[in-house]
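Let me begin by presenting the structure, written as structure tokens, before commenting on it.
Numbering (our numbering), first residue to last: 663 to 1371.
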């Protein structure tokens, strides 16, 4: 019996160590060898770690001869969330994107969600007791502490890294992510600090009452003092980092430190609400599908955004998580998430009542409070891979902490298969109250155990975990190689190494043929290489002509795969297709009609994009179809009434269409919009004067009089 239990204990310790290591490493982990430094690599690490832990858990079950998971109040909400995500993926406007994530964005997707729920059950079923929960919290706190130090050093330019552009570098990807991690850790560390203070006071009381000699209890007290000091030190450093770097306080910090801290750009609340509501009206129950908010943004973004600095920006996330869920997973997904929040609040109230009734310290309270803070934070911003991981981790250890609270709804279930082939389910209430030292009550946490008397169930679980690990690991490895190859291609572009760029893009597509990002870049690169060969200044050989033809065919083939097979919902892909076809005008017979058709599709997918109208008008202008050119330039100006390029091109189209009065009016608008110190102001003013010379004399005099007045 002991021999059978030893592997179980060893595997249990390995799983626990894996949880601690993942908790510590993930916030700090990034990989500059890939194009997406943060999100992709964190998801890669999460899924890889989960596959390993899942296999070890299955192996542990086989040795233990039973399959056991911990039941909690959060089981039903998590099940509903998974079901809504699966349903939303099935009915998604793009199943590939919803299943794997939008290339370059990744979070949320179905694979990630299922992985995190599996992680929840791995952690909640293998971590037990307050000590092990504290180990998880300490792992997280240590990691966030290091993040804070790194962030402070980059803010004050002690160290410099370029991964974040103009934003200070931190391994979690953004100041907002770091702020969420700091808030989480502050709550946990503060709770642990006060619990250690309570222990110190309790020990003093016990020593006074029992007159305990100053030996072993003194050692324990020193350890408690050390823990309290560590947590208080964490709280001080994290609070300082929060004040200086958090988006919530950086404005005040800027005034005090005289440092202009860079800001992140988010889609504003009003626009997020409008897009979420428009999407809800179209697909109310299950939304547009996970990871598809970019398509919703393009379709429903309000026109007034064209008057802001974000007029040509594309947002793949709304202002907060609730709008994101409503847009992507619909009303059912939002209700499931709200149900999870409701369960968290109810459990917090039960824990608080338990504390009052038993006059003791309840470790679950700071964890439950952290969960509630997460639900509030998600009303202010959207989640990312790292914040979603921390949320699930806190949810899991909160479930473990409920061991000390009497939860009457928790039961032990058994699943048995008899020789007759009958399957039966059973359940009993398992409530055992234990008197803890110090006079506090503790109840043994109920555990849901599914026992298959033939002992086949653990083996089924193990085989499933092996198959899943092999299948998922194979694709994960391919996607990692593809990301590294794509990053190498981008580096080669910066170094003007054409063939190295070309070869790495081919390799990236070979290992991940599902990414529109790779294929779009490959199409553009092929087009540029063809242009480079054609314009090398020498007479083209037959080999040159053959290479140009192959490169042009490759460019067209790749962009057609992207727009027709992979992600036809993305207006950017159709815009790029139009640009590729536009380069073929004069080479391919129907290139002009192909270009116009691609632009029209892009406009259908992104109707309030004024730049697309301008570009389409440019194609018509090139064809000398000035009527259509004028119409599109007018539409561009109507969508964005301060669009200088639209008015400038409109003036040119009016001039070529023999409408000088309207040409002058449009050019006058250009002059009015340009600042006088702009380099183009004088040029526009000169062109305006030239256009006025085309006007009849009476019109010119009245125009000058109007300008003078």
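The C-beta atom is built at its ideal place from N, Cα and C for all residues, glycine as well.
Using a Cβ-Cβ distance cut-off of 8 angstroms, the region 799 to 808 and the region 993 to 1003 are not in contact, since fewer than three pairs of beta carbons, one from each stretch, lie closer than that value.
A straight line joining the alpha-carbon of residue 1208 with that of residue 1214 spans about 10 angstroms. One thing to note: residue 1058 has its Cβ within 8 angstroms of the Cβ of residue 785. Scanning its chain for C-beta atoms nearer than 8 angstroms, with the 5 sequence neighbours on each side dropped, one finds around residue 947 the residues 992, 993 and 994, in chain order. Between residue 1184 and residue 1171, the CB-CB gap stays under 8 angstroms. Bounds of the alpha helix (DSSP H) holding residue 760 are 757 to 762. The alpha helix (DSSP H) runs of length 4 or more contained entirely in the region 1281 to 1341 are, from start to end of the chain, 1288 to 1301, 1306 to 1318 and 1322 to 1335. With a cutoff of 8 angstroms on beta-carbon distance, residue 674 and residue 797 are scored as not near each other.
Contact check for residue 952 against residue 933 fails: the beta carbons are separated by 8 angstroms or more. Scanning 1134, 1336, 672 and 937 for the CA closest to the CA of residue 712 turns up 1134. Counting along the chain, the unbroken alpha helix (DSSP H) around residue 1057 starts and ends at 1047 to 1063. For residue 1131, same chain residues with a beta-carbon under 6 angstroms away, outside a window of 5 residues either side, are 713 and 717 in chain order.
Around residue 743, the same chain offers 998 as residues with beta carbons nearer than 6 angstroms, after the five sequence neighbours per side are excluded. The three-state secondary structure of residue 1041, taken from DSSP, is coil. By the neighbour-count definition (other C-beta atoms within 10 Å, threshold 16), residue 974 is an exposed residue. In this structure, the CA atom of residue 1163 is about 13 angstroms from the CA atom of residue 1182. A distance below 6 angstroms between beta-carbons, with the five flanking residues on each side excluded, links residue 962 to the following residues of its chain, in chain order: 937 and 940.
For residue 731, no alpha helix (DSSP H) segment is defined; the enclosing uninterrupted segment is the beta strand (DSSP E) at 729 to 731.
In chain order, 1253, 1257 and 1281 place their CB closer than 8 angstroms to the CB of residue 1244, counting only its own chain and leaving out the 5 sequence neighbours on each side. One thing to note: residue 1007 has its Cβ no nearer than 8 angstroms to the Cβ of residue 1029. Under the three-state reduction of DSSP, residue 784 is assigned to helix. When Cβ pairs closer than 8 angstroms are counted between the two stretches, the region 1149 to 1169 is seen not to touch the region 1121 to 1128, the count staying below three. Between the C-alpha atoms of residue 1016 and residue 693 there is a straight-line separation of about 46 angstroms. In the DSSP assignment, the residues bridged to residue 1247 are 1250. Membership of residue 1210 in the alpha helix (DSSP H) is indicated by the continuous run 1204 to 1223. Pairwise C-beta distances place the region 1317 to 1329 out of contact with the region 982 to 992, as fewer than three of them are shorter than 8 angstroms. The beta carbons of residue 1288 and residue 1318 sit closer together than 8 angstroms.
In the DSSP assignment, residue 1188 falls within the alpha helix (DSSP H) that extends over 1178 to 1196. The residues 696, 768 and 1145, in chain order, have a CB closer than 7 angstroms to that of residue 702 in the same chain once the five nearest residues on each side in sequence are set aside. The Cβ atoms of residue 751 and residue 772 sit closer than 8 angstroms to each other. Rounded to the nearest angstrom, the Cβ distance from residue 982 to residue 1042 is 6 angstroms, consistent with a contact under 8 angstroms. In the assembly as shown, residue 1189 is a buried residue. Its beta-carbon has 16 or more other beta-carbons within 10 Å. Judged by DSSP in its simplified three-state form, residue 963 adopts coil rather than helix or strand. Between residue 1046 and residue 756, the C-beta spacing is not below 8 angstroms. Between residue 700 and residue 835, the beta carbon gap of about 4 angstroms places them in contact (Cβ cut-off 8 angstroms). One thing to note: residue 685 has its Cβ within 8 angstroms of the Cβ of residue 802.
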